[in-house]
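Asker: Take a look at the following structure, please.
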Amino acid sequence: MTMPTDSISFHARLTPQRLAARDLLLQQEWTYAELDDLIGRLAAVLQTRGCVDGERLAVLARNSVWQVALHFACARVGAIYVPLNWRLSGTELDALLQRAEPHLLLGDDVAAGRAQVEDFAHFIDSAKDLAPAETPYIPPDRVSLILFTSGTSGQPKGVMLSEHNLQQVAHNFGVTTRVEAHSSFLCEAPMFHIIGLATNVRPVLAMGGSIQVSNGFEPKRTLGWLGNPALGITHYVGVPQMMQAFRSQPGFDPAALRHLTALVSGGAPHASEDLLGWLEDGIPMVCGFGMSEAGTVFGMSVDCEVIRSKLGAAGIPSPTVQTRVVDNEGNDCAVGMPGELLLRGPNLSPGYWRDPQATAEMRDGASWFRTGDIVRRDADGFFWVVDRKKDMFISGGENVYPAEIEAVLADHPEIRECAVVGMADAQWGEVGYLAIVPATETPDLERIRSYLSERLAKYKVPKHLRVVEALPRTATGKLQKARLKDVLAKEA
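Residue numbering for the sequence shown follows UniProt numbering, beginning at 1 and increasing consecutively.
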């Protein structure tokens, strides 16, 4: 047996009494020595339960330090951590569980009513009775995390990430946002996302800093924590809608946030006017661009003047990320010309869990990952995200895939055909519009909305439903979603 090689074990030996984690709601703290001990004991529980060597541990739970500890414990015994989006409908979760086939399924109150779920708190509590496990050397290229994301076909895809991938993700984000040993991250993004479990956690713990965890975003409460000098928070990552919610709070005082190294906005386009507001207040509002398969792809400076000079840019490629911008024939695009973004680097996922076809499609045959995103770069090497090749849109930081919604409605008796598009929205960034060609004279739109709500997560249900005579199509019958957007925009 060998000593664990993760950052928690390292700092537990080097600076054992340094703060590693704080649960802001429980008001509980862990030093690096205490967090390392907890991880070791949880690894022992996993060993006794046979959840080792590629077995999956699935979790349906709100954010907690215990989730972080469980993820590290899985890595120490060779198990794979699978955090699940508890906001999904029961049908959607069933599909993910069928794909993951977990050895163990844990849940807190968000999993109430679901069968075969072991109590999350009881599982954590059982670690108290065990000594920290002796763990074998686990090759860093072994998968330790699966993050599920819906494909454009509506089928779930599990993005596999190894410890080596996650170390590169930590390095890339840490370099771009100046993460240091004194840094402290307020962690509110859900831990079933790459931001919540990797971006918010790995960079700062790699450097010997600390994480401060809450179970979710509440603008007034979050602002109080960010502005509390006793907590010493330096970094916060969220979607543009969360940042806009800060500024709309009564009595908002930007001076209380000027000590922050960076507020990082990602997951959706951030309006230039709002960005300028933050910069004028002396607060570095940093836009970034990433994805589950690669972590942070582009990083922007935390210097307000640099951000202002490249307003709206996603930044430059992160240190270990190689990029190409290509046209439809695969030729490299000239500076300033839009094209599809291709990626390569040690941060990239090895593929999708038990989905060889999707894994093959994500590569172009020469190890380049095809993102499906349209970007352009300037002469200084800064990138702007222009559009998405696919129809996916982002609403409130969540990816929404129209094909999934359309498939749910395929057999609805009141609908002959339908299409979903994402359109700009001041509050959510983008929202879904559902265009319906009815099969009956007077379709009940509220009944259709309820039908969707019973089968899909709330954020996937289109905000606007419209009845149309026909969907615009080409001569060959191909749906023209760009034209459909124009029609709906005129009616909005």
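Each residue gets a CB set at the ideal place from its N, CA and C atoms; glycine is no exception.
Considering only the alpha carbon of each residue, which of Ala198, Lys157, Gly396 and Ala189 lies closest to Arg62?
Answerer: Taking the sequence shown and counting its residues from 1, the one referred to as residue 62 is at position 62. It is Ala189 whose Cα lies nearest to the Cα of Arg62.
Asker: Secondary structure at Asp486, three-state DSSP: helix, strand or coil?
Answerer: Position 486 of the sequence shown, counted from the start, is the residue given in the question as residue 486. DSSP places Asp486 in helix when its eight states are reduced to three.
Asker: So who's on the other strand from Lys157, going by DSSP bridges?
Answerer: As a first step, residue 157 must be located in the sequence shown, where it is residue number 157. Its beta-bridge partners are Thr149.
Asker: Pairs of beta-carbons, one from the segment 172-185 and one from the segment 140-148, closer than 8 Å: are there three or more?
Answerer: As far as the Cβ criterion goes, the segment 172-185 does not touch the segment 140-148, which means the pair count is below three.
Asker: For Ala75, which option in Ala255, Gly339 and Gly54 has the closest C-alpha, if you only look at C-alpha atoms?
Answerer: Walking along the sequence shown from the start, residue 75 turns up at place 75. That would be Gly54, whose Cα lies nearest to the Cα of Ala75.
Asker: With a CB to CB cut of under 6 Å and the five nearest residues on each side skipped, what residues in its chain are close to Ile124?
Answerer: Taking the first residue of the sequence shown as 1, we reach residue 124 at position 124. Taken in chain order, the residues that qualify are Trp66.
Asker: DSSP beta-bridge partners for Cys287?
Answerer: For the purposes of this step, residue 287 is identified with residue 287 of the sequence shown, where counting begins at 1. In the DSSP output, where bridge partners are listed per residue, Cys287 has Ser265.
Asker: For Leu25, which residues from the same chain have a beta carbon less than 7 Å from its beta carbon, with the 5 sequence-adjacent residues on both sides left out?
Answerer: Translated into positions along the sequence shown, residue 25 becomes position 25. Result list for Leu25: Ser214 and Asn215, in chain order.
Asker: In chain order, what residues of the same chain lie with their CB nearer than 6 Å to the CB of Val68, ignoring the 5 residues before and after it?
Answerer: Locating residue 68 in the sequence shown gives position 68, counting from the first residue. Here the set comprises Val201.
Asker: Could you compute how far the alpha carbon of Thr152 sits from the alpha carbon of Leu60?
Answerer: By one-based count along the sequence shown, residue 152 stands at place 152. By one-based count along the sequence shown, residue 60 stands at place 60. Summary for Thr152: the model assigns pLDDT 36, below 50, so the residue's position carries little reliability, and this model does not support an answer.
Asker: For the alpha helix (DSSP H) containing Glu273, name the first residue and the last one.
Answerer: Counting from 1 along the sequence shown, the entry for residue 273 is found at position 273. Counting along the chain, the alpha helix (DSSP H) containing Glu273 begins and ends at Ser272 to Glu280.
Asker: Okay, do the segment 402-417 and the segment 430-443 touch, 3+ Cβ pairs below 8 Å being the bar?
Answerer: At 8 Å Cβ cutoff, the stretches touch.
Asker: Between Ala127, Ser89 and Pro102, which lies nearest to Ala111 when the distance is taken from Cα to Cα?
Answerer: Residue numbering aside, residue 111 sits at position 111 when the sequence shown is read from its first letter. Of Ala127, Ser89 and Pro102, the residue nearest in Cα terms is Ser89.
Asker: Can you check which of these residues, Gly107, Ala489 and Glu29, is closest to Gly422 by C-alpha distance?
Answerer: Here residue 422 is taken as the residue at index 422 of the sequence shown, counted from 1. It is Ala489.
Asker: Taking all protein chains shown into account, decide if Gly113 is buried (16 or more other Cβ within 10 angstroms of its Cβ) or exposed.
Answerer: Counted from its first residue, the sequence shown places residue 113 at position 113. Classification of Gly113: exposed, given that the 10 Å Cβ count is below 16.
Asker: Taking the C-alpha atoms as reference points, what is the distance between Leu197 and Gln168?
Answerer: In the sequence shown, counting from the first residue as 1, residue 197 sits at position 197. In the sequence shown, counting from the first residue as 1, residue 168 sits at position 168. For Leu197 and Gln168, the distance between alpha carbons rounds to 14 Å.
Asker: Does the distance from the CB of Leu276 to the CB of Cys304 come in under 8 Å?
Answerer: One-based indexing of the sequence shown puts residue 276 at position 276. One-based indexing of the sequence shown puts residue 304 at position 304. Contact flag unset, no.
Asker: Once the 5 residues before and after residue 506 are set aside, which same chain residues still bring their CB inside 6 Å of it?
Answerer: Nothing in the structure corresponds to residue 506, since the chain is present only between 1 and 492.
Asker: In angstroms, rounded to a whole number, what distance separates the CA positions of Gly432 and Asn331?
Answerer: Walking along the sequence shown from the start, residue 432 turns up at place 432. Walking along the sequence shown from the start, residue 331 turns up at place 331. Cα to Cα, Gly432 sits roughly 34 Å from Asn331.
Asker: At the level of alpha carbons, what is the spacing between Phe252 and Gly266?
Answerer: Position 252 of the sequence shown holds residue 252. Position 266 of the sequence shown holds residue 266. Cα to Cα, the separation comes out at about 22 Å.
Asker: Would you grab the beta carbon distance between Leu205 and Ala360 for me? Rounded to a whole angstrom, and I think it's under 8 Å.
Answerer: In the sequence shown, residue 205 corresponds to position 205, counting from 1. In the sequence shown, residue 360 corresponds to position 360, counting from 1. About 34 Å; that fails the 8 Å criterion.
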